[in-house]
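There are 2 protein chains.
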Amino acid sequence: MRLTQQANYSVRILMYCAAKRDEFAKVSEIARVYDISEYHLFKILPILVSNGFIITHRGRNGGLQLAKEPKDITLGEIIRAAEENFYLADCFDEGSYDCPLLSMCDFNQALNDALEAFLAALDRYTLADLTQKEGDMRSLLHISENGKAGQTAVN
Amino acid sequence: MRLTQQANYSVRILMYCAAKRDEFAKVSEIARVYDISEYHLFKILPILVSNGFIITHRGRNGGLQLAKEPKDITLGEIIRAAEENFYLADCFDEGSYDCPLLSMCDFNQALNDALEAFLAALDRYTLADLTQKEGDMRSLLHISENGKAGQTAVN
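If you read the sequences in order, they're chains E and S.
Sequential numbering of the first sequence, starting at 1, is according to the working numbering.
Sequential numbering of the second sequence, starting at 1, is according to the working numbering.
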């Protein structure tokens with residue numbers, strides 16, 4: 001059982017933006033610090049924009065910025081938006097499956113309950129909780145105290 | 001986010017055995033009714049045996065039988081035993097990953113909490129709960145009232 005890379009990186013992109021505070025985050029910085037391709041990031045960004053998590057600013061001095069305070073973004077919201085689907089078993093994917101038990105099986109119901117519990121647990125964490133060790137995080141992400149990406153990240 | 005087929009079929013094999021009550025379930029019947037290969041089933045059965053869910057009986061009249069009462073097997077136990085791992089994100093897979101945030105990231109902690117909530121919800125269901133609509137289930141699985149597999153299942 002595993003989240004998609006899209007969901008995983010969505011959280012980490014938003015953590016990076018939170019660590020930058022009011023400075024704009026550059027896609028090139030994020031790609032470098034997490035060692036992923038910019039192409040991959042550009043596929044994920046529309047999800048984060050359309051769900052109201054980030055604002056993009058164009059131009060040479062542009063970049064990404066959180067659209068809300070970190071305390072107002074829950075981890076549950078991010079995962080719900082970024083995970084492609086929550087088809088825990090084949091029988092969640094209606095129409096593409098013909099298990100003989102489909103019409104009466106309570107396994108599906110049990111998995112739905114478990115999924116709700118999973119997401120409810122994530123709703124109890126905000127992006128602010130994930131980035132509270134801010135000094136450590138900024139150092140690990142090579143972000144200086146004024147929000148600028150350091151040498152390791154931009155070169 | 002999806003369970004492995006191994007976990008999914010483990011539950012369904014055990015549901016079939018529960019529906020057979022005291023009759024032995026044949027691998028050929030289970031393969032036929034769920035439309036999966038016997039090869040696939042034979043890969044899953046050792047997990048169900050070694051975790052104490054089923055007993056296998058050899059010989060022409062042999063087959064599979066639940067090792068415990070359905071009310072004494074929780075869905076959480078089955079999923080814990082049959083799911084290959086619960087590496088919800090790359091960072092769960094220690095040693096194979098070098099996210100710069102690894103040493104202080106609370107995302108990992110949040111996912112662990114969510115996973116515990118997921119499994120706790122599954123612990124509240126037993127195999128007896130999943131098979132309580134027994135009449136319907138036996139009919140859908142082509143098992144007659146005396147536990148014998150019907151024509152559709154064995155031919």
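Don't be surprised by glycine CBs; every beta carbon is placed ideally from N, CA and C.
Specify, as a first and last residue, the run of the beta strand (DSSP E) that residue i falls within.
i	result
L66 (chain E)	63-66
Let me make sure I understand the geometry here. Which of the options has the alpha-carbon closest to that of residue i?
i	options	result
Y39 (chain S)	S:Y9, S:G59, S:A110	S:Y9
S144 (chain S)	S:M1, S:A67, S:Y16	S:Y16
V27 (chain S)	S:F118, S:F42, S:L127	S:F42
R32 (chain S)	E:G76, E:C99, E:R60	E:C99
R138 (chain S)	S:I47, S:A18, S:A117, S:P46	S:A18
L119 (chain S)	S:H142, S:I78, S:D106, S:Q109	S:I78
E23 (chain S)	S:A114, S:L111, S:L127, S:T56	S:T56
Under 9 Å, Cβ to Cβ, is there at least one residue of chain E near residue i?
i	result
L45 (chain S)	no
N155 (chain S)	Reliability fails at N155 (chain S), whose pLDDT of 35 lies under 50, so the model's placement of it is uncertain and the value that follows must be treated cautiously. It does not; no Cβ of chain E falls within 9 Å.
K133 (chain S)	yes
D129 (chain S)	yes
L156 (chain S)	Within the shown structure, residues of chain S are numbered from 1 to 155, placing residue 156 (chain S) beyond reach of any answer.
L122 (chain S)	yes
Y125 (chain S)	yes
Q65 (chain S)	no
Can you name the residues of chain E whose CB is closer than 7 Å to the CB of residue i?
i	result
L159 (chain S)	With chain S represented from 1 up to 155, any question about residue 159 (chain S) goes unanswered, as that position is not in the structure.
L75 (chain S)	A110
With DSSP run on the structure shown, which of helix, strand or coil describes residue i?
i	result
I54 (chain S)	strand
A153 (chain E)	Bear in mind that the predicted position of A153 (chain E) carries a pLDDT of just 40, short of 50, making it unreliable; the figure below should be weighed with that in mind. Note: A153 (chain E) maps to helix in three-state DSSP.
I143 (chain S)	strand
A7 (chain E)	helix
A25 (chain S)	strand
E38 (chain E)	helix
Y90 (chain E)	A small fix is needed here, since residue 90 (chain E) is Asp in this sequence, not Tyr. Helix.
Name, please, each residue of chain S whose Cβ falls closer than 9 Å to the Cβ of residue i.
i	result
N8 (chain E)	L88, A89, D90, C91, F107
State yes or no: is the beta carbon of residue i nearer than 9 Å to at least one beta carbon in chain S?
i	result
F118 (chain E)	yes
A110 (chain E)	yes
H142 (chain E)	yes
T56 (chain E)	no
So with CB distances below 8 Å, who are the chain E contacts of residue i?
i	result
E83 (chain S)	M1
Which chain S residues are close to residue i, counting only those with a beta carbon under 8 Å from its beta carbon?
i	result
C99 (chain E)	R12, Y34
Where do the N-terminal and C-terminal ends of the alpha helix (DSSP H) with residue i fall, by residue?
i	result
D123 (chain S)	107-123
R80 (chain S)	75-82
A128 (chain E)	127-130
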